[in-house]
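Note sheet for the following structure.
Number of protein chains: 2
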Amino acid sequence: MSEIKRKMASLDGACDPFDYVSKELELVEQNLARAILSREQALTDIAGHLIHGGGKRVRPMVTLLAFLGFGGKRISEIVDIATAIELIHTATLLHDDILDGAETRRGKESAYKRYGLKPTLVAGDFLFIKAFEFAGKFDETVVQWTADACAQLTEGETLQGYFNRNPAVTLDDYLEIVRRKTASLFQTGARVGAYLAGAQPAFIDETARYGLNLGIAFQVIDDILDVIGNIELLGKPTGMDLRDGNPSLPIILALKNGQSGVREAFTSPQPSEDQIAAALDVIKVGPVIQQAKTLSKQYANEALISIKKLPPSHYLNGLKTLVQLIIDRDF
Amino acid sequence: MSEIKRKMASLDGACDPFDYVSKELELVEQNLARAILSREQALTDIAGHLIHGGGKRVRPMVTLLAFLGFGGKRISEIVDIATAIELIHTATLLHDDILDGAETRRGKESAYKRYGLKPTLVAGDFLFIKAFEFAGKFDETVVQWTADACAQLTEGETLQGYFNRNPAVTLDDYLEIVRRKTASLFQTGARVGAYLAGAQPAFIDETARYGLNLGIAFQVIDDILDVIGNIELLGKPTGMDLRDGNPSLPIILALKNGQSGVREAFTSPQPSEDQIAAALDVIKVGPVIQQAKTLSKQYANEALISIKKLPPSHYLNGLKTLVQLIIDRDF
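Chains as they are written, first to last, in our numbering: chain E, 1 to 331; chain D, 332 to 662.
Structure follows, in structure tokens:
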């Protein structure tokens with residue numbers, strides 16, 4: 001978190017979203033630490049490896065800001081749902097690292113690499129279950145939204161699997177994958193935050209739209225950083241999408257532009273490190289990164305438009321700043 | 332199910348538990364079929380491979396009988412929670428087949444073998460999420476019990492992993508694994524059934540104890556069948572516990588008796604088929620199967636004692652017959 005704060009200092013210090021919800025985020029941290037306690041130390045260790053591994057907590061932050069922005073009062077409620085959303089996110093990361101065979105995550109060995117497939121799979125299930133414990137106490141509406149978001153995550157993962165190393169993937173396919181796999185959880189956090197604060201239905205919808213667009217912008221930046229990012233700030237090597245055959249935005253745009261070497265690296269069952277490095281260089285010098293940045297700004301702008309009519313407050317300012325923070329980030 | 336009915340004919344036809352809840356079980360089937368619908372056909376296919384693959388539906392049946400035995404009226408409620416419990420069970424089977432590298436399940440290729448690790452992992456997550464959708468609409472008590480049962484499943488899996496191919500495993504370790512991994516879901520189904528029917532707290536506890544003991548008896552029989560079962564009735568080869576290094580009851584008892592060849596097959600990282608066949612033969616001719624059957628009868632008896640004071644009804648008779656059915660089964 002301190003890393004993001006460091007980044008924030010270069011923005012307008014007067015509307016630092018972290019400061020607005022720091023007390024509530026601390027309660028989320030306490031919840032998370034309690035949630036992963038198990039009589040099986042191995043489960044606590046594996047879950048803790050990732051939970052305490054430097055996550056940005058962006059999803060809880062969106063949830064909290066949306067709630068407080070509409071004058072929500074029952075803090076413990078929103079803290080519980082923000083906890084559930086971060087637990088779901090962490091569960092999917094554990095399972096994603098299995099799916100991708102990822103060796104590193106957040107600057108250290110992935111749980112998959114460190115503890116092996118089986119314990120990591122079970123720990124992911126454990127976190128899903130703990131999320132259910134936190135989210136299941138809410139009314140049917142919240143339960144349904146949360147379950148829908150989770151189902152979308154698996155449907156996004158499935159669609160992404162279908163386009164793994166598959167050059168037929170289009171920009172529309174990409175956006176559909178991202179809506180499901182990344183943006184749905186941002187969207188649900190924002191939606192539930194507004195709903196639990198008692199916002200009008202039209203406002204709830206606008207806030208959900210904010211979350212959706214913010215989530216897409218977030219993923220586009222992730223994809224860009226996988227090409228041009230700094231390995232130390234990222235906490236993992238660049239080029240992972242090419243290595244794993246995941247259809248990222250720069251790859252899709254480069255394929256469309258017919259940039260040489262990218263198709264070969266993307267479609268090869270096991271691209272060599274030389275192939276990957278060459279493809280990354282090709283992507284870097286072409287127009288693709290700029291095109292991707294433009295797209296992320298469009299979605300960021302959509303997010304800002306969605307919350308334009310929300311009641312003014314410093315939480316609203318926080319939501320706005322968060323958009324900027326997310327598209328300017330370098331990790 | 333027809334398989335179990337066939338078996339039932341040899342028992343007292345007047346208290347066939349399937350007949351008592353056949354309408355409700357049909358509603359569970361409809362729920363399950365609806366639950367696995369996804370816009371990603373692959374998820375529906377993988378989930379359906381197992382959901383429609385001939386499960387015995389014992390857990391839903393316990394849940395329904397306990398509910399109806401206490402005069403429960405809101406059928407759609409209990410059908411929903413019975414659905415959730417079967418979905419959780421199926422999700423764990425999908426993930427278990429990954430953990431065990433299982434090739435067959437219920438007489439056909441396992442989902443893991445047929446669809447591969449990644450799609451099967453995601454489909455398991457999908458089923459967990461659908462279970463949450465069904466269970467999350469209940470009050471906090473039901474949500475907490477269900478979440479606790481699920482957490483126990485992962486904790487049982489973890490403990491079992493610790494004792495994989497580990498000859499230090501004791502009978503107490505075994506019972507702890509079984510309580511968590513198998514019996515907790517039976518226990519929770521029975522408990523929730525009684526609770527939702529409005530039973531007195533003392534009766535709820537007794538019904539839960541019935542489920543716990545029934546679940547332990549069920550697993551002991553499963554372990555016995557892995558040694559002496561008929562491959563066609565079982566739908567999978569025998570000797571799987573030795574092959575996978577899972578500490579089953581016959582293995583633990585044979586280790587305790589110092590029966591030759593069992594320790595070698597159990598502790599070997601990759602026992603040969605000859606080793607497994609020899610160890611199975613040794614287990615079969617020794618006293619172990621009889622000892623295990625005695626233990627299953629003890630737990631079956633405990634289950635019957637737990638429901639002795641329940642209000643008489645044909646559902647109560649159904650719960651009693653189910654105990655007999657479970658310990659007499661040959662698949």
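Don't be surprised by glycine CBs; every beta carbon is placed ideally from N, CA and C.
Inset, instruction - Write down every uninterrupted run of the alpha helix (DSSP H) in the region 79 to 125 of chain E whose length is 4 residues or greater and which is fully enclosed by it, in chain order. - result: Secondary structure in the region 79 to 125 of chain E: the alpha helix (DSSP H) runs of 4 residues or longer, each lying completely within the stretch, are 111 to 115 in chain order.
Legend entry - Neighbour flag for Pro119 of chain E against chain D, beta carbons, 8 Å: On the first sequence, position 119 is the one that residue 119 of chain E refers to. Yes, its Cβ sits closer than 8 Å to a Cβ of chain D.
Inset, instruction - Could you check if His52 of chain E is buried or exposed, using at least 16 other CB atoms within 10 Å of its CB as the buried criterion? - result: Position 52 of the first sequence, counted from the first residue, corresponds to residue 52 of chain E. Around the beta carbon of His52 of chain E, fewer than 16 other beta carbons sit within 10 angstroms, so the residue counts as exposed.
Legend entry - Whole-angstrom distance between Gln324 of chain E and Ala197 of chain E, CA atom to CA atom: Walking along the first sequence from the start, residue 197 of chain E turns up at place 197. Walking along the first sequence from the start, residue 324 of chain E turns up at place 324. Distance from the CA atom of Ala197 of chain E to the CA atom of Gln324 of chain E, rounded to whole angstroms, is 25 Å.
Inset, instruction - Answer with yes or no whether the minimum CB distance from Ile412 of chain D to chain E is below 8 Å. - result: Residue mapping note: residue 412 of chain D aligns to position 81 of the second sequence, counting from 1. Not one chain E Cβ lies under 8 Å of Ile412 of chain D.
Inset, instruction - May I ask you to report which of helix, strand or coil DSSP gives Ala149 of chain E? - result: Working through the first sequence from its first residue, we reach residue 149 of chain E at position 149. Correct three-state label for Ala149 of chain E: helix.
Inset, instruction - Report yes if the C-beta distance between Ala183 of chain E and Gln219 of chain E is below 8 Å; otherwise report no. - result: The residue given as residue 183 of chain E occupies position 183 in the first sequence. The residue given as residue 219 of chain E occupies position 219 in the first sequence. Here Ala183 of chain E is near Gln219 of chain E, since their CB atoms are less than 8 Å apart.
Legend entry - Below-8 Å beta-carbon distance, Lys468 of chain D vs any chain E residue: For the purposes of this step, residue 468 of chain D is identified with residue 137 of the second sequence, where counting begins at 1. Chain E contact via Cβ: present.
Legend entry - Beta-carbon proximity list for Ser603 of chain D, same chain, < 8 Å, skipping 5 on both sides: As a working note, residue 603 of chain D is residue 272 in the second sequence. Excluding sequence neighbours, Ser603 of chain D sits near nothing in its chain.
Inset, instruction - Return helix, strand or coil for Gly487 of chain D, following the three-state DSSP convention. - result: Position 156 of the second sequence holds residue 487 of chain D. Three-state DSSP puts Gly487 of chain D in a helix.
Legend entry - Three-pair Cβ contact test at 8 Å for the region 303 to 321 of chain E versus the region 205 to 213 of chain E: At 8 Å Cβ cutoff, the stretches touch.
Legend entry - the region 90 to 103 of chain E / the region 450 to 463 of chain D touching (three or more Cβ pairs under 8 Å): Output reads yes: the region 450 to 463 of chain D touches the region 90 to 103 of chain E.
Inset, instruction - Would you kindly report the start and end of the unbroken alpha helix (DSSP H) that includes Asn257 of chain E? - result: Taking the first residue of the first sequence as position 1, residue 257 of chain E is located at position 257. Asn257 of chain E -> no alpha helix (DSSP H), and no H or E assigned at all.
Inset, instruction - Kindly list, in the order they appear in chain D, the residues whose Cβ is closer than 8 Å to that of His95 of chain E. - result: The residue labelled residue 95 of chain E in the question sits at position 95 within the first sequence. The answer, in chain order, is Leu452, Val453, Asp456.
Inset, instruction - If I'm right that Thr104 of chain E touches Lys297 of chain E with Cβ under 8 Å, what's the distance once you round it to whole angstroms? - result: As a working mapping, residue 104 of chain E is identified with position 104 in the first sequence. As a working mapping, residue 297 of chain E is identified with position 297 in the first sequence. For a cut-off of 8 Å, the C-beta gap from Thr104 of chain E to Lys297 of chain E is around 29 Å, too long to register as a contact.
Inset, instruction - Taking only beta-carbon positions, decide if Ala33 of chain E is within less than 8 Å of chain D. - result: Indexing the first sequence from 1 puts residue 33 of chain E at position 33. It does not: the Cβ of Ala33 of chain E has no partner Cβ on chain D nearer than 8 Å.
Legend entry - Min CB distance Glu40 of chain E to chain D below 8 Å: The sequence position of residue 40 of chain E within the first sequence is 40, counting from 1. Interface residue (Cβ-Cβ distance to chain D less than 8 Å): Glu40 of chain E is classified as such.
Legend entry - Cut-off 8 Å between Cβ atoms - residues of its own chain near Gln622 of chain D, not counting five sequence neighbours on either side: Taking the second sequence and counting its residues from 1, one reaches residue 622 of chain D at position 291. Excluding positions up to five away in sequence, the list reads Leu584.
Inset, instruction - Go through its chain and collect everything with a Cβ distance to Asp96 of chain E's Cβ below 8 Å, but skip five positions before and after it. - result: Along the first sequence, one-based indexing puts residue 96 of chain E at 96. Closer than 8 Å at Cβ, skipping near neighbours: Ala102, Glu157.
Legend entry - Interface partners of Ala147 of chain E on chain D, CB under 7 Å: Residue numbering aside, residue 147 of chain E sits at position 147 when the first sequence is read from its first letter. Within 7 Å Cβ-Cβ: Ile460, Phe463, Glu464, Gly467.
Inset, instruction - May I have a chain-ordered list of the alpha helix (DSSP H) segments no shorter than 4 residues that lie completely inside the region 533 to 615 of chain D? - result: Runs of the alpha helix (DSSP H) inside the region 533 to 615 of chain D: 562 to 565, 571 to 575, 580 to 587, 593 to 598.
Legend entry - From D:Ala364, D:Ser579, D:Leu653, residue whose alpha carbon lies closest to that of Gly492 of chain D: Residue numbering aside, residue 492 of chain D sits at position 161 when the second sequence is read from its first letter. Closest by alpha carbon: D:Ser579.
Legend entry - Buried or exposed (CB count within 10 angstroms, at least 16 for buried), Arg365 of chain D: Indexing the second sequence from 1 puts residue 365 of chain D at position 34. The Cβ neighbour count for Arg365 of chain D, taken over all protein chains shown within 10 Å, is under 16; the residue is labelled exposed.
Legend entry - Cβ neighbour criterion (16 or more within 10 Å) applied to Asp470 of chain D: Mapped onto the second sequence, residue 470 of chain D falls at position 139. Classification of Asp470 of chain D: exposed, given that the 10 Å Cβ count is below 16.
Legend entry - Near-chain D residues of the region 151 to 164 of chain E - C-beta to any C-beta below 7 Å: Listed in sequence order: Ala151, Thr154, Glu155, Glu157, Thr158, Leu159, Gly161.
Legend entry - Under 8 Å between C-beta atoms of Arg510 of chain D and Leu484 of chain D: In the second sequence, the residue the question calls residue 510 of chain D occupies position 179. In the second sequence, the residue the question calls residue 484 of chain D occupies position 153. Contact: no.
Inset, instruction - Can you give me the start and stop residues for the alpha helix (DSSP H) that Gly524 of chain D sits inside? - result: Along the second sequence, one-based indexing puts residue 524 of chain D at 193. 515 to 527 is the extent of the alpha helix (DSSP H) around Gly524 of chain D.
Inset, instruction - Confirm, please, whether the CB-CB distance from Ile429 of chain D to Thr519 of chain D is below 8 Å. - result: Residue 519 of chain D sits at position 188 when you count from the first residue of the second sequence. Residue 429 of chain D sits at position 98 when you count from the first residue of the second sequence. Contact: no.
Legend entry - Whole-angstrom distance between Leu418 of chain D and Ile412 of chain D, CA atom to CA atom: The residue you call residue 412 of chain D lines up with position 81 of the second sequence. The residue you call residue 418 of chain D lines up with position 87 of the second sequence. Between the alpha carbons of Ile412 of chain D and Leu418 of chain D lies a distance of about 10 Å.
Legend entry - Closer than 8 Å to chain E by CB, Ile555 of chain D: Residue mapping note: residue 555 of chain D aligns to position 224 of the second sequence, counting from 1. Cβ-Cβ to chain E under 8 Å: no for Ile555 of chain D.
Inset, instruction - Starting from Glu471 of chain D, find everything on chain E with Cβ-Cβ shorter than 9 Å and list it in chain order. - result: One-based indexing of the second sequence puts residue 471 of chain D at position 140. Residues of chain E passing the Cβ test: Gly136, Lys137.
Inset, instruction - Could you have a look at Gly161 of chain E and say whether DSSP puts it in helix, strand or coil? - result: As a position in the first sequence, residue 161 of chain E is number 161, starting the count at 1. In the structure shown, Gly161 of chain E adopts helical secondary structure according to DSSP, grouped into three states.
Inset, instruction - Could you have a look at Ser644 of chain D and say whether DSSP puts it in helix, strand or coil? - result: Position 313 of the second sequence, counted from the start, is the residue given in the question as residue 644 of chain D. It is coil, neither helix nor strand.
Legend entry - Among D:Ala373, D:Glu464, D:Leu452, the one whose alpha carbon lies nearest that of Leu363 of chain D: For the purposes of this step, residue 363 of chain D is taken as the residue at position 32 of the second sequence. For Leu363 of chain D, the closest of D:Ala373, D:Glu464, D:Leu452 by C-alpha to C-alpha distance is D:Glu464.
Legend entry - Ala42 of chain E: first and last residue of the uninterrupted alpha helix (DSSP H) it sits in: Mapped onto the first sequence, residue 42 of chain E falls at position 42. For Ala42 of chain E, the enclosing alpha helix (DSSP H) covers residues 41 to 51.
Legend entry - Residue closest to Ala632 of chain D, alpha-carbon to alpha-carbon, out of D:Pro642, D:Asn588, D:Lys651: For the purposes of this step, residue 632 of chain D is identified with residue 301 of the second sequence, where counting begins at 1. Note that residue 632 of chain D corresponds to Asn in the displayed sequence, not to Ala. For the residues D:Pro642, D:Asn588, D:Lys651, the minimum Cα distance to Asn632 of chain D belongs to D:Lys651.
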